[in-house]
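**Q** Going line by line, the protein sequences match chains A and B. Per my numbering: the first sequence = residues 17 to 235. Per my numbering: the second sequence = residues 17 to 235. Positions of the beta carbon are idealized from the N, C-alpha and C atoms, including for glycine. First the structure, which I've put down as structure tokens, then a few questions once you've had a look.
Number of protein chains: 2
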Amino acid sequence: MIDQTAFFSLSYGLYVIASKDGDRAAGCIANTFQQVTASPLQVSVALHKDNVTTSVIRSSKRFTASCLSREASMELIGTFGFHSSKDLDKFASCIAGSDGAGLPFIAEQACARFSVRVLQEVDLGSHIMFVGEVEEAEKLDAGEPMTYAHYHVVKGGKTPPKASSYIPEAPKAAAPSGETSQPTYAWLCEVCGHMEYADELPDGYVCPVCGVGFKKVEA
Amino acid sequence: MIDQTAFFSLSYGLYVIASKDGDRAAGCIANTFQQVTASPLQVSVALHKDNVTTSVIRSSKRFTASCLSREASMELIGTFGFHSSKDLDKFASCIAGSDGAGLPFIAEQACARFSVRVLQEVDLGSHIMFVGEVEEAEKLDAGEPMTYAHYHVVKGGKTPPKASSYIPEAPKAAAPSGETSQPTYAWLCEVCGHMEYADELPDGYVCPVCGVGFKKVEA
Chain A
17 MIDQTAFFSL
27 SYGLYVIASK
37 DGDRAAGCIA
47 NTFQQVTASP
57 LQVSVALHKD
67 NVTTSVIRSS
77 KRFTASCLSR
87 EASMELIGTF
97 GFHSSKDLDK
107 FASCIAGSDG
117 AGLPFIAEQA
127 CARFSVRVLQ
137 EVDLGSHIMF
147 VGEVEEAEKL
157 DAGEPMTYAH
167 YHVVKGGKTP
177 PKASSYIPEA
187 PKAAAPSGET
197 SQPTYAWLCE
207 VCGHMEYADE
217 LPDGYVCPVC
227 GVGFKKVEA
Chain B
17 MIDQTAFFSL
27 SYGLYVIASK
37 DGDRAAGCIA
47 NTFQQVTASP
57 LQVSVALHKD
67 NVTTSVIRSS
77 KRFTASCLSR
87 EASMELIGTF
97 GFHSSKDLDK
107 FASCIAGSDG
117 AGLPFIAEQA
127 CARFSVRVLQ
137 EVDLGSHIMF
147 VGEVEEAEKL
157 DAGEPMTYAH
167 YHVVKGGKTP
177 PKASSYIPEA
187 PKAAAPSGET
197 SQPTYAWLCE
207 VCGHMEYADE
217 LPDGYVCPVC
227 GVGFKKVEA
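Structure representation (structure tokens):
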């Protein structure tokens with residue numbers, strides 16, 4: 017009745033959603049930012065309730081959305097998409113700008129940025145949808161926007177479990193009996209969440225998704 | 017403060033949203049259909065309050081979303097996007113399927129289709145956002161999804177005034193005095209809304225956007 021591959025036909029962009037309340041800045045990646053009305057100019061975005069960014073937006077009632085360009089690096093996406101703002105000052109590692117209300121946005125590797133005042137919060141269960149009015153909108157450079165399809169197909173990107181469009185990976189088919197043995201270890205990329213299954217990885221092996229490193233996680 | 021060209025960086029697909037209540041079927045085009053939570057599988061779509069489809073969804077509490085493929089014809093888009101279900105049986109001119117609840121969907125020129133039971137209505141002013149749980153999802157063929165950018169750039173498509181992403185066209189710059197005269201007539205394509213400005217159009221001239229006809233609309 018539900019073929020999950022049907023959801024791969026839905027088209028999205030890729031955005032850094034950020035906010036700041038006092039000294040507390042936070043940002044994360046979302047694909048659900050969209051314009052919902054033309055007059056007034058209203059937009060919406062759905063974010064997981066457990067994201068630090070969500071709680072900062074709920075207190076500040078404001079957020080920025082930076083539309084990532086195709087040239088955005090996997091390191092930038094890894095920083096904002098696969099780490100928590102609780103543990104990391106995400107804006108320390110990128111070129112950030114500041115909007116009229118003092119909120120950060122991504123000033124490089126982005127093709128447009130928006131500043132939004134929140135008017136409504138819609139409870140979606142695991143996520144909250146913020147609806148708000150656009151107070152600032154700026155074209156940042158001539159780069160093409162990164163689409164979610166480009167992120168997955170061309171850049172080999174992954175979707176983390178707290179994303180609106182997360183679909184659990186199907187369990188790998190078991191190898192025919194006696195033909196190959198299961199690897200002893202799984203290796204988790206701490207930046208982008210990609211996993212490799214192998215007994216060993218060569219010295220200096222880097223993550224094929226984001227170009228960063230691996231940690232051995234389980235037997 | 018607000019550069020409207022920044023909104024051109026946002027990425028969307030193109031969907032036929034349809035519903036049926038008793039014998040009353042309706043459908044329209046929207047770019048705002050998206051997945052908003054993974055568990056349960058919830059989606060949302062924002063539709064103008066004046067659309068017939070919106071009122072049929074409000075009474076039936078169900079809708080389908082058909083994800084148009086790149087091969088979708090401008091005639092199909094013209095029929096669903098630039099006409100009212102009040103005046104036209106839109107499903108008479110296309111290959112439609114019927115879901116488990118008897119609602120129509122687009123069975124050709126679409127790469128996936130979804131059936132949704134509405135759980136929430138969010139009032140956005142001009143539009144209503146419907147949030148619901150997916151009850152059916154099916155991949156329809158191997159075609160690539162039509163993106164909103166492809167519709168605009170490759171197919172030369174237009175956005176009608178009731179769309180979430182409508183941006184009024186900037187008034188044309190006045191011709192330098194005495195150099196050229198303003199055309200006497202505007203010609204409106206009744207299928208897709210494209211306008212041409214000319215004193216006359218040649219016999220048999222077809223709309224460059226959707227390939228259909230023109231009507232003289234104003235002096």
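Buried or exposed, going by whether 16 or more other CB atoms sit within 10 Å of the CB of glutamine 68(A)?
**A** With the sequence shown as reference, residue 68(A) is identified as valine, and glutamine is not the correct amino acid for it. The residue is buried, with at least 16 neighbouring Cβ atoms inside 10 Å.
**Q** For proline 218(A), return the contacting residues in chain B, with the cut-off set at a CB-CB distance below 8 Å.
**A** Correct list: empty, because the minimum Cβ distance to chain B is about 35 Å.
**Q** Am I right that alanine 62(B) and threonine 48(B) are in contact with their C-beta atoms under 8 Å? What's the rounded C-beta distance?
**A** 4 Å
**Q** Can you pull the chain B neighbours of serine 181(A), defined as C-beta to C-beta under 7 Å?
**A** Gln51, Ala54
**Q** Can you tell me whether histidine 143(A) is helix, strand or coil according to DSSP?
**A** strand
**Q** Between alanine 34(B) and chain A, is any beta-carbon pair separated by less than 8 Å?
**A** Closer than 8 Å: no.
**Q** Taking the DSSP output, what are the residues bridged to lysine 36(A)?
**A** Ala41(A)
**Q** For aspartate 66(B), collect the residues of the same chain with a Cβ closer than 7 Å to its Cβ; drop the 5 residues on either side in sequence, then sort them by chain order.
**A** So the list reads Lys178, once near-sequence residues are dropped.
**Q** Looking only at its chain, what residues have a beta carbon closer than 6 Å to the beta carbon of glutamate 212(B), apart from the 5 residues adjacent to it on each side?
**A** Trp203
**Q** Please determine, among His168(A), Ser109(A), Ser27(A), Glu154(A), the residue with the shortest C-alpha to C-alpha distance to serine 131(A).
**A** Glu154(A)
**Q** Just to confirm the assignment, what range does the alpha helix (DSSP H) spanning alanine 165(B) have?
**A** 164-169
**Q** Measuring only between beta-carbons, confirm whether alanine 88(A) sits less than 8 Å from chain B.
**A** Not an interface residue.
**Q** Are the C-beta atoms of leucine 26(A) and some chain B residue less than 8 Å apart?
**A** yes
**Q** Thinking C-beta only, is isoleucine 73(A) closer than 8 Å to phenylalanine 146(A)?
**A** The Cβ atoms of phenylalanine 146(A) and isoleucine 73(A) lie closer than 8 Å to each other.
**Q** Measure from the C-beta of methionine 211(B) to each C-beta in chain A and report whether the shortest distance is under 8 Å.
**A** no
**Q** Please work out which residues of its chain come closer than 6 Å, Cβ to Cβ, to glutamine 136(A), disregarding the five sequence neighbours upstream and downstream, and give them in chain order.
**A** Val147
**Q** Using alpha carbons as the reference points, say which of Leu156(B), Ala112(B), Leu104(B) lies closest to isoleucine 18(A).
**A** Leu156(B)
**Q** Let me check understanding here. Comparing Cα to Cα, which of Gly220(A), Tyr31(A), Tyr164(A), Gln51(A) lies closest to threonine 95(A)?
**A** Tyr31(A)
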